[in-house]
Amino acid sequence: MAPGGLFGTAAAAVVVSLAVHVLLNCPIQPVPSPPPPTAGYAPNNLLQGLEKLGEEQLSGPEDVYVDAAAGGTLYTATRDGWLQRMQPNGTWERWRFVGGSGLLSIAPSGDGSMLVCDAYKGLLRVEEGRVTILASTVEGSPIRFAEAVIEASDGTVYFSDGSTRFGIDRWFLDYMEDSSTGRLLKYEPSTGKVSVVLDNLAFANGVALSQDDTFVVVCESWRYRCSKLWLKGDKAGKAETFIDNLPGSPDNIHLAPDGSFWIALLQLRSPWIDLVTRWTFTKRVVSSFPALLDMLKETGKGAMVAQVSENGKIVRVLGDSEGKVSNFITSVTEYDGNLFFGSISSNFIGKMSLAKVPRVQDVVS
Ligand SMILES: *[C@@H]1O[C@H](CO)[C@@H](O)[C@H](O)[C@H]1NC(C)=O
Numbered sequence: 009m010a011p012g013g014l015f016g017t018a019a020a021a022v023v024v025s026l027a028v029h030v031l032l033n034c035p036i037q038p039v040p041s042p043p044p045p046t047a048g049y050a051p052n053n054l055l056q057g058l059e060k061l062g063e064e065q066l067s068g069p070e071d072v073y074v075d076a077a078a079g080g081t082l083y084t085a086t087r088d089g090w091l092q093r094m095q096p097n098g099t100w101e102r103w104r105f106v107g108g109s110g111l112l113s114i115a116p117s118g119d120g121s122m123l124v125c126d127a128y129k130g131l132l133r134v135e136e137g138r139v140t141i142l143a144s145t146v147e148g149s150p151i152r153f154a155e156a157v158i159e160a161s162d163g164t165v166y167f168s169d170g171s172t173r174f175g176i177d178r179w180f181l182d183y184m185e186d187s188s189t190g191r192l193l194k195y196e197p198s199t200g201k202v203s204v205v206l207d208n209l210a211f212a213n214g215v216a217l218s219q220d221d222t223f224v225v226v227c228e229s230w231r232y233r234c235s236k237l238w239l240k241g242d243k244a245g246k247a248e249t250f251i252d253n254l255p256g257s258p259d260n261i262h263l264a265p266d267g268s269f270w271i272a273l274l275q276l277r278s279p280w281i282d283l284v285t286r287w288t289f290t291k292r293v294v295s296s297f298p299a300l301l302d303m304l305k306e307t308g309k310g311a312m313v314a315q316v317s318e319n320g321k322i323v324r325v326l327g328d329s330e331g332k333v334s335n336f337i338t339s340v341t342e343y344d345g346n347l348f349f350g351s352i353s354s355n356f357i358g359k360m361s362l363a364k365v366p367r368v369q370d371v372v373s
């Protein structure tokens, strides 16, 4: 056989074995990804100036809640299964033990307990000495990835289930597959009933209520947008876009004191990620090799958060474009003129004075 023929045979063997590997091992059934967002904001690295709270005591504090009535006691849930809090005088305390490694968003309940999303177990109510699972299934389907929660003043609890396909350990596969199986759910404490409010969401993530509970917002990470569902008024029951074309994948969203919202924006884009997610074929191939998928995930660097007005316009943007201080900010909360940043990949909560953050001047579109 001529050397060229030998090369051809070897190349064919590689292609065939690759195809067989992908056929046997591909964990996703990908659909085409949407085009990346086009909005550009003059980049800044304001987030690099944040102050670190609780450094090294906190493992992956994904979300932050500040209790204004208690003078600013700050709460977070960490990877070691604890709800931890910082008193206004700066003292940290391991407050309530829940267990597990999947604690994400937290929100206060009117009865004094804390509502917590456990990515593995569902929606929890945490009281002194007691943890209750409020919801682990909805209409017969498991809640695979409880993400974020908020309680309305009438006691209704809204929370999100990121995906029915992949849990927290395989979230990047959900990004690759992009099959929009996320849901906004509702829990009614008087009856214990859990129901689906909105479905087919491209990773249902942050959930927030507007002032006076006029509408509820849910963010769709893989669509760079958040939707709102009207709860009161003429449009009650109708859903519409709250904001789209966000400069990142929205994670948690929190109401600010002035009625605007703060949204953490994951920076999951890179030239490599953009290339791979361009075709379902390449998504299939890369997803079939866990090491390759991890390498791809690591190419997305940086952190960003944005303030969005009540009518869905970006007001402020803060970034850490190189990921120098923080790579994966997952929540931002405003209290008393300061911003507090949670991050599932950091060992601290960030703090920054809002006075240092200018409003958006130059929107490049
Ligand atoms: C901080 O405040 C807490 C709660 O009021 C108190 O128990 C603690 O002793 C205080 N710590 C310091 C160092 O003042």
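Numbering (our numbering), first residue to last: 9 to 373.
All residues carry an ideal CB built from backbone N, CA and C; glycine is no exception.
Would the beta-carbon of glycine 327 fall within 7 Å of that of phenylalanine 250? no
Tell whether a beta-carbon distance below 7 Å holds between serine 38 and threonine 288. Position check: residue 38 holds proline in this sequence, whereas serine was assumed. Taking 7 Å as the Cβ cut-off, proline 38 and threonine 288 qualify as a contacting pair.
So does threonine 164 have its beta carbon nearer than 6 Å to some heavy atom of ligand 1? no
First through last residue of the alpha helix (DSSP H) which encompasses arginine 292: 288-295
Alpha-carbon to alpha-carbon, alanine 27 and valine 293: 8 Å
Looking at ligand 1, does it come within less than 6 Å of asparagine 260, judged from the CB to the closest heavy atom? no
Close beta carbons around glutamine 264, own chain, < 8 Å, minus the five adjacent residues each side: Here residue 264 turns out to be alanine, not glutamine, going by the sequence shown. Here the set comprises Trp270, Gln315 and Glu342.
Can you tell me where the alpha helix (DSSP H) holding glutamate 185 begins and where it ends? Counting along the chain, the alpha helix (DSSP H) containing glutamate 185 begins and ends at 179-185.
May I ask you to check if the CB of asparagine 346 is nearer than 6 Å to at least one heavy atom of ligand 1? no
Buried or exposed: which applies to aspartate 177, given that a residue is buried once 16 or more other Cβ atoms fall within 10 Å of its Cβ? Aspartate 177 comes out exposed.
CA-to-CA distance, glutamate 59 to serine 203, given in whole angstroms: Approximately 40 Å, taken between the alpha carbons.
Range covered by the beta strand (DSSP E) that runs through alanine 216: 212-217
With DSSP run on the structure shown, which of helix, strand or coil describes asparagine 97? Residue state for asparagine 97 is assigned as coil, using DSSP reduced to three classes.
Using DSSP bridges, identify the partner residues of proline 258. Leu273
Just verifying my parser: in three-state terms, what is the DSSP assignment at threonine 81? Residue state, collapsed to three classes: strand.
Provide the residue(s) that pair with aspartate 75 in DSSP beta bridges, ordered along the chain. Thr81
Within 6 Å: the Cβ of threonine 99 and any heavy atom of ligand 1? yes
So aspartate 328 is in the beta strand (DSSP E); what residue range does that whole segment cover? Going by DSSP, aspartate 328 is part of the beta strand (DSSP E) stretching over 322-328.
Backbone CA spacing between valine 215 and phenylalanine 297 [nearest angstrom]: 33 Å
Return the chain-ordered list of same chain residues with a C-beta closer than 7 Å to the C-beta of glutamate 135, the five sequence neighbours on each side being excluded. Ser121
For valine 236, does the three-state DSSP call read helix, strand or coil? Per the sequence presented here, residue 236 reads as lysine, with valine not at that position. Residue state, collapsed to three classes: strand.
Compute the minimum distance between the beta carbon of glutamine 95 and the heavy atoms of ligand 1, and state whether it is under 6 Å. Remark: the C-beta of glutamine 95 is in contact range of ligand 1, defined as less than 6 Å to any heavy atom.
Is serine 144 closer than 7 Å to aspartate 212 when the C-beta atoms are compared? Looking at the sequence provided, one finds alanine at residue 212 rather than aspartate. No, these two residues do not count as a Cβ contact at 7 Å.
As assigned by DSSP and simplified to three states, the class of aspartate 370: Here the model assigns aspartate 370 a pLDDT of 47, short of 50, so the residue's position is not dependable and the matter cannot be decided.
Under three-state DSSP, which class holds glycine 57? helix
Name the residue from Val30, Trp280 and Asn335 whose alpha carbon lies nearest to the alpha carbon of leucine 273. Asn335
Contact between the region 103-114 and the region 73-86 (3+ Cβ pairs under 8 Å): yes
Would you call glutamine 7 buried or exposed, if buried means 16 or more other Cβ atoms sit within 10 Å of its Cβ? In the structure as shown, the chain starts at 9 and stops at 373, and residue 7 therefore has no counterpart that could be examined.
Inter-residue spacing [alpha-carbon to alpha-carbon] between glycine 345 and valine 74: 12 Å
Grouping DSSP H, G and I as helix and E and B as strand, with all else coil, what is leucine 3? The first residue shown for the chain is 9 and the last is 373, placing residue 3 beyond what the model contains.
Would you report the Cα separation of glutamine 65 and asparagine 355, rounded to the nearest angstrom? 7 Å
Using three-state DSSP, classify lysine 129 as helix, strand or coil. Here lysine 129 sits in coil by DSSP.
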